[in-house]
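Colleague: Structure incoming, see below.
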Amino acid sequence: MTSETYIAITGASTGIGRAAAKQFADEGRNLILIARNTDDLKTVRAEIQDAHPDLKVQVRSYDLTNTAQARALYYSLSDFNIDCWINNAGFGDYKLISDQDVNKAMLMIQLNVEALTLLSMLYVKDHENIQGTQLINVSSVGGYLMVPTCVTYSATKFYVGAFTENLALELRHKGAALKAKLYAPAATETNFGKVANDVENYDYDDAFGESYFTSEQSAKYLVQLFHDEDHIVGAINRDTFAFKLSQNVFPYAGDSGRNQVVEK
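Counting from 0, one number per residue, gives the positions in the sequence shown under numbering that gives the first Met the number 0.
And the structure:
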């Protein structure tokens, strides 16, 4: 295994993932950039290494809507010392259920839910007892709020929130070294709008007025969550756009007498 530590980021070719990679690079962090588009990944790597020629920046091109490729990605990185894994890849679909394309919805579930779960589980199994390690899953304010025309997308993000918060509490209860965290951004100017609406051009000013962040602004809060030692959730308020760090948002039944007793 390499002695240098790395931060791995999925969905690193555009948007929040790309902006976060550059901000971590500014802090001197080596990076593993993961996305489908090899050319875009190489462009991001070149931009980072132009500014920081001493950093090590790896690129991996995998389609994470394919479970076999997601698994292959993880095992391809077994020789790297990854002290933070960030599951940022995902996409949305702004349509009524009756108008949604079923195939697109299934791919969204495979990426937003299945790949994130698989990569999280594999990382936890390998790193839960390694000091200084983190797993950060990127959700959305739509993961805490039922949003019109976003039934399926919001549901995937509710899953991400419930999975990650419960995992974080499980790790804490076990006394594990690994910390799991959830980042829930609000509207951010990325390719998300075009993909979610199936359009070539998407104007965030028309769609949201001034109520959206740039990718760089959203990434700043992701990096802030990375540096925080005490909290599980970092979320943007959809109305005020204030950033708040907190413990679990969903109720936790950890002290309930109704839980199954697990023999040790």
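Glycine residues also receive a C-beta, built at the ideal position from the N, C-alpha and C atoms. Small disclaimer: the values here were computed from a predicted structure and weren't measured.
What's the call for Y74, buried or exposed, on a 16-neighbour Cβ count within 10 Å?
Modeller: exposed
Colleague: For the alpha helix (DSSP H) that G208 lies in, which residues bound it at each end?
Modeller: No alpha helix (DSSP H) holds G208; DSSP gives it neither H nor E.
Colleague: Buried or exposed: where does G253 fall if 16 or more other Cβ atoms within 10 Å of its Cβ makes it buried?
Modeller: exposed
Colleague: Using a threshold of 8 Å, is the CB atom of F23 nearer than that to any non-hydrogen atom of the ligand GTP?
Modeller: The ligand content of the structure shown is nil, which means the ligand GTP is not present either.
Colleague: In three-state DSSP terms, what is E188?
Modeller: strand
Colleague: Below 9 Å between beta carbons: does that hold for L177 and E127?
Modeller: In this structure, L177 lies near E127, with their beta-carbon atoms less than 9 Å apart.
Colleague: Let me check understanding here. Comparing Cα to Cα, which of M0, I6, T1 and S2 lies closest to H226?
Modeller: I6
Colleague: Could you give the distance in angstroms between the alpha-carbon of V232 and the alpha-carbon of E46?
Modeller: 30 Å
Colleague: Under 8 Å by Cβ, that's how I've got N86 and V56 pegged, so tell me the actual separation to the nearest angstrom.
Modeller: Taking C-beta atoms under 8 Å as the contact rule, N86 and V56 fail to qualify, at a distance of about 19 Å.
Colleague: Just the C-alpha distance for G256 and P250, rounded to the nearest angstrom, thanks.
Modeller: 15 Å
Colleague: Does the Cβ-Cβ distance between I33 and T64 come in under 9 Å?
Modeller: no
Colleague: In three-state terms, what does DSSP make of Y201?
Modeller: Residue state, collapsed to three classes: coil.
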